[in-house]
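What the sequence shown shows, in numbering that gives the first Met the number 0, is residues 0 to 163, in sequence order.
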Amino acid sequence: MDYGMIGKIEKAKRYAEEPERITLHSFTAEIHGDNNTYIVTFSPEGWDCSCAAFKGHGNCAHVMAMEILLKPMLKREPMPYYHGQNIVSDVEKAHRYALQTDRIHFLALEVSFHGENSDHQTTLTGDVWHCTCDFHHSRGVCSHSMAMEKILKGMVPVTSVVVS
Ligand SMILES: [Zn+2]
Ligand SMILES: [Zn+2]
């Protein structure tokens, strides 16, 4: 492996340990609940989930699970509980889902990195990563896409060399 790539792998590890450098702007993810599979989306306009609880009340265990899982990257307050929500049950479920990451698959996401030298935008669409950095342009992977693969291990397609 070449020196440039080794440097990017090292940098990816550092970024993965400093997720507060990353801001999540939007994503679409599938979450396999105990009974059904739901689609959770997040964008600058806010959260959405395809489940009945969210449609009726504007919050649910799926959104709460994603809030737990993605906390340092979300940069916003958690959604409020709704009147009549079974908080004990939903909090338990959200923590369980957030740990059982094989339930979760990201279909698309958009993040920005506050890098050591400059800021970059990194996106995932299906199983294709894009990034605004020069290294990604020439090599198809970069410290940013590798850091996201590491942080969201098992939940995003891995297209780069193994980052362990
Ligand atoms: Zn939901
Ligand atoms: Zn990059």
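By construction, the Cβ of each residue, glycine as well, lies at the ideal position given by its N, Cα and C atoms.
As the structure is a computational prediction, the values presented were derived from the model and not from experiment.
Endpoints, the alpha helix (DSSP H) within which Asp89 is located | Ile86 to Leu98
Compute the beta-carbon to beta-carbon distance between Phe53 and Leu108, rounded to the nearest angstrom, for a pair I have assumed lies under 8 angstroms.
-> Not confirmed; about 19 angstroms, so no contact.
Does the beta carbon of Ala52 fall short of 8 angstroms from some heavy atom of ligand 1?
-> yes
CA-CA distance, Gly114 and Trp46?
-> 27 angstroms
Through-space distance from His129 to Leu123, alpha-carbon basis | 6 angstroms
Assigned secondary structure, Gly57 (DSSP; H/G/I helix, E/B strand, else coil) | coil
Using a Cβ-Cβ cut-off of 7 angstroms (strictly less than) and excluding sequence neighbours within five positions of Lys7, which residues of its own chain qualify?
-> Phe134, Cys141, Ser142 and Met145
Inter-stretch contact at 8 angstroms, needing at least 3 Cβ pairs: the stretch 29–39 / the stretch 94–113 | yes
Ignore the nearest five residues each way along the sequence and tell me which others in Thr36's own chain have a CB closer than 8 angstroms to its CB.
-> Glu29 and Ile30
Below 7 angstroms CB to CB, which residues in the same chain sit around Cys50 once its five sequence neighbours on both sides are set aside?
-> Tyr37, Cys59 and His61
Buried or exposed: Leu98, going by 16 or more other Cβ atoms within 10 Å of its Cβ?
-> exposed
Provide the residue span of the alpha helix (DSSP H) that contains Glu44, from first to last.
-> Careful: Glu44 lies outside any alpha helix (DSSP H) and carries neither H nor E.
Nearest neighbour of Asp1, chosen from Val110, Arg138 and Val127 [CA to CA] = Arg138
How many Å lie between Met154 and Ala93 at the Cα?
-> 16 angstroms
Alpha carbon of Ala11 to alpha carbon of Leu68, nearest angstrom = 19 angstroms
Go ahead and label Asp89 buried or exposed: buried means 16 or more other beta carbons lie within 10 angstroms of its beta carbon, across all protein chains shown.
-> buried
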